[in-house]
Amino acid sequence: MRKTVFTGAGVAIVTPMFPDGSINYEKFAELIEDQIANKTDAVVVVGTTGEGSTLTDEEHIEMIRFCVEKVNKRVPVIAGTGSNDTAYAVELTKEAEKVGADAALLVTPYYNKASQHGLVAHFNKIADSVDIPSILYNVPSRTGTSIALDTYIELAKNEKISAVKEASGNLSLAAQIAAHTDLDIYSGNDDQLLPFLSLGAKGVISVSSNIIPRQKHDMAELYLAGKHKEALELQLRYLDMENALFMDVNPIPVKEALNLMGKDVGECRLPLCRMEDAKIEKLRNALKNVGLI
1420 MRKTVFTGAG VAIVTPMFPD GSINYEKFAE LIEDQIANKT DAVVVVGTTG EGSTLTDEEH
1480 IEMIRFCVEK VNKRVPVIAG TGSNDTAYAV ELTKEAEKVG ADAALLVTPY YNKASQHGLV
1540 AHFNKIADSV DIPSILYNVP SRTGTSIALD TYIELAKNEK ISAVKEASGN LSLAAQIAAH
1600 TDLDIYSGND DQLLPFLSLG AKGVISVSSN IIPRQKHDMA ELYLAGKHKE ALELQLRYLD
1660 MENALFMDVN PIPVKEALNL MGKDVGECRL PLCRMEDAKI EKLRNALKNV GLI
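All residue numbers for the sequence shown refer to the working numbering, where the first residue is 1420 and numbers rise by one.
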């Protein structure tokens, strides 16, 4: 039987760093506690927003282990373990399971890409290697590959694959997934949370939850409780701010936002670099407009 990993708003949490680029675990612990205190519904660690692509293997597993230990079963921990190398993704997912992750987030292969037939083989191979549920991650703007509807239908035959994080921005595809599979669906775009929920989605894997965890949780909770007007008012209040978090490559703006809010999470590892001053000023104004600074 397919297992729902979480309902609501899960944070795609950043990886805080010192000026030399090393990981600031003390700050990471603070961020986790702040998220849980503000009702985040899940923590997604070492995904795109967590800069998993520039962590060493040792750092990657230690971040998952550390997160699992600090969360201590209060909410699910979802580990980003996808890769463009199936064998490597299998091993990383096995290690994530060993250190206690509740689910794995598997991005579509990038650079070498894959055919739709290859995607089926790739995702099934990883999902079948572990007992924890797998969440597919479709983000063609980052990978150059998109999961087709027929591929979703085929992958839905595997009960170890529980859900999809749909970050293609294609609401029609989300509707088709809902109509033709029993996969749980999570919006991968903050500004599409309510449209996704209207299609039966379980929630969102959110970048903006790094800075508005309570509000993002409330958007989902209100909508799922039938309070659609209140949920929409909240979504629209923060819409411009959420869009500002994507004026540069994620997670550059959200880390800058956290720094502007006094969280001191440091900068990203190269090749991601600090935003230009003009963009930082726009971001500052967006945060001011909703009372975050």
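Backbone N, C-alpha and C define an ideal beta-carbon position, used for all residues, glycine too.
For the 8 Å CB-CB criterion, residue 1442 and residue 1464 do not form a contact. Annotated three-state conformation of residue 1537 is helix, per DSSP.
For residue 1525, the enclosing beta strand (DSSP E) covers residues 1522-1526. Residue 1438 sits exposed, since fewer than 16 C-beta atoms from the chains shown fall within 10 Å of its C-beta. If you draw a straight line from the Cα of residue 1682 to the Cα of residue 1449, it comes to about 9 Å.
Check the Cα spacing between residue 1430 and each of 1622, 1641, 1694: the tightest is with 1622. When rounded, the separation of the alpha-carbon atoms in residue 1493 and residue 1528 is 31 Å. Residue pairing of residue 1580 in beta bridges, as defined by DSSP: 1553. Less than 8 Å divides the Cβ of residue 1558 from the Cβ of residue 1526. Membership of residue 1431 in any alpha helix (DSSP H) is not indicated; the residue belongs instead to the beta strand (DSSP E) covering 1427-1431. For residue 1570 against residue 1545, the beta-carbon gap comes to about 15 Å, at or over 8 Å, which does not count as contact. The beta carbon of residue 1599 is closer than 6 Å to those of 1572 in its chain, skipping five residues each way along the sequence. The beta carbons of residue 1676 and residue 1427 sit no closer together than 8 Å. When rounded, the separation of the alpha-carbon atoms in residue 1459 and residue 1628 is 8 Å. When secondary structure is reduced to three states using DSSP, residue 1605 falls in the strand class. Going by DSSP, residue 1456 is part of no beta strand (DSSP E) but of the alpha helix (DSSP H) stretching over 1444-1456. Shown here for residue 1595: same chain residues with a beta carbon closer than 6 Å to its own, the five before and five after excluded, namely 1568 in chain order. Looking only at 1540, 1708, 1474, 1452, the smallest Cα-Cα distance to residue 1658 is reached by 1708.
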